[in-house]
Structures are given as C-alpha cells and as structure tokens.
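Below is one structure, written out as structure tokens, with a few remarks after it.
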Amino acid sequence: MAHDPQVRVELRRYYVFDRFSLEQSAQKAGVSFGTARRWKNEALKAGDDWDKARDVQVMVGGDVEALATGLLSGFVVQYKTVMDELEKSDIAPSTKIELLTGLADSFAKMTASSKKLIPSVSEMATALKVVEMFANKVKQQKPALLPDFMQIMSELESDFGKAFKDR
Numbered sequence: 001m002a003h004d005p006q007v008r009v010e011l012r013r014y015y016v017f018d019r020f021s022l023e024q025s026a027q028k029a030g031v032s033f034g035t036a037r038r039w040k041n042e043a044l045k046a047g048d049d050w051d052k053a054r055d056v057q058v059m060v061g062g063d064v065e066a067l068a069t070g071l072l073s074g075f076v077v078q079y080k081t082v083m084d085e086l087e088k089s090d091i092a093p094s095t096k097i098e099l100l101t102g103l104a105d106s107f108a109k110m111t112a113s114s115k116k117l118i119p120s121v122s123e124m125a126t127a128l129k130v131v132e133m134f135a136n137k138v139k140q141q142k143p144a145l146l147p148d149f150m151q152i153m154s155e156l157e158s159d160f161g162k163a164f165k166d167r
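Right, dumping it as structure tokens:
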C-alpha cells in the first residue's frame with residue numbers, strides 16, 4: 001500500500017523531534033515497524049541520518065545534562081575496556097602504571113568538565129583525583145608494589161561503580 005508522503009514526514013518528526021523509539025513512531029504514524037525501518041534506511045542512503053538529527057536535536061533542545069551524561073557514560077565504557085585490557089596484557093608493571101596514570105588523568109579531566117553540568121559527578125571526580133595521586137606516589141616511591149597496586153585498582157573500580165551508581 002502506498003502511503004501519503006506526509007506520513008513519512010510525521011514518522012521522522014516523531015522519531016527525531018519527539019524522541020519516540022522507531023517502533024513507537026511507526027505506531028503513531030500508522031505504519032508497520034518494517035515500513036518505518038525501511039524509510040529510515042532509505043533516508044540514510046539519501047543522506048538524511050535520522051539518528052544524527054536526533055542527537056543534534058538533543059543538543060539544540062537544551063537537554064545539556066542528558067548530553068553530558070551520555071558523553072560521560074561513553075567515556076566510562078571506554079575507560080572500563082582499557083582497564084580490562086591493561087589487566088590482561090603482558091606489559092611491564094611500570095608501563096602499566098604510566099598508562100593507568102594517563103587514563104586516570106583523562107578521566108579526571110572528563111569528570112571535571114562534566115561536574116558543572118552534572119552535580120553528582122563532583123564526588124566521583126574527587127575520588128578519582130585521589131586515586132591518581134596515589135598511583136603517582138606508588139610509581140615514584142614503591143615501584144615494586146605496582147603489580148599489587150594494579151590488582152587493588154581493579155577491585156576499586158568495581159567499588160566505585162557501586163558507590164556512585166545511585167547518585
């Protein structure tokens with residue numbers, strides 16, 4: 001069945017501007033989910049990326065806290081991935097601690113910029129700064145403790161997740 005071109009416009013509006021899921025948008029526009037998905041893919045091939053338009057709408061729409069939370073969440077996922085890889089790698093402990101220090105510094109900077117937008121981030125930023133300072137002291141004064149320090153850092157990461165999860 002051929003649909004009125006206005007239905008496609010409505011579907012896009014529900015998805016991009018009203019931020020409904022594609023399935024909800026399809027339902028509101030009165031088309032099947034398969035049709036909605038096909039139209040979205042056709043639009044993408046024609047250069048109209050509905051997902052990017054939706055992301056831009058969040059930024060323009062003034063929901064800065066949601067945007068900052070999303071960016072910080074993405075960074076945390078990358079942080080966790082790097083931590084897991086560092087833990088599994090056969091890199092020398094001194095190299096690991098240098099990488100860990102750099103990672104902690106990046107995280108501290110990310111949280112510092114986010115804490116103005118997301119007040120709950122401030123406590124976590126302080127905690128991570130303390131960890132960074134401690135890592136530097138271990139590296140400088142007791143390098144033989146680096147393997148044990150890395151193990152403790154893995155456990156501390158889990159504790160951070162629990163402590164700051166519901167804030």
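The numbering of the sequence shown is full-length UniProt numbering, which starts it at 1 and goes up by one. Think of the CB as a built atom: it goes at the ideal place given N, C-alpha and C, for glycine as much as any other residue.
Here Leu128 has Ala104, Phe107, Ala108 and Thr111 as same chain residues with Cβ atoms under 7 Å from its own Cβ, once five neighbours each way along the sequence are excluded.
Asp18 sits in coil when the DSSP states are folded into three classes, being neither helix nor strand.
In this structure, Glu98 is the residue among Asp159, Glu98 and Pro147 with its C-alpha nearest to the C-alpha of Met133. Note on geometry: alpha-carbon atoms of Arg19 and Gln140 lie some 51 Å from one another. In the DSSP assignment, Lys45 falls within the unbroken alpha helix (DSSP H) covering Phe33 to Lys45.
Here DSSP, grouped into helix, strand and coil, assigns Ser106 to helix. The C-alpha of Ile152 lies about 22 Å from the C-alpha of Phe75. Between the C-alpha atoms of Val9 and Met83 there is a straight-line separation of about 44 Å. In terms of Cβ geometry, Ser25 and Leu11 form a close pair [threshold 8 Å].
In this model, Asn136 and Leu146 are separated by some 11 Å (Cα to Cα). The beta-carbon distance between Ser73 and Pro143, rounded to whole angstroms, is 34 Å. This is too long to meet the 8 Å contact definition.
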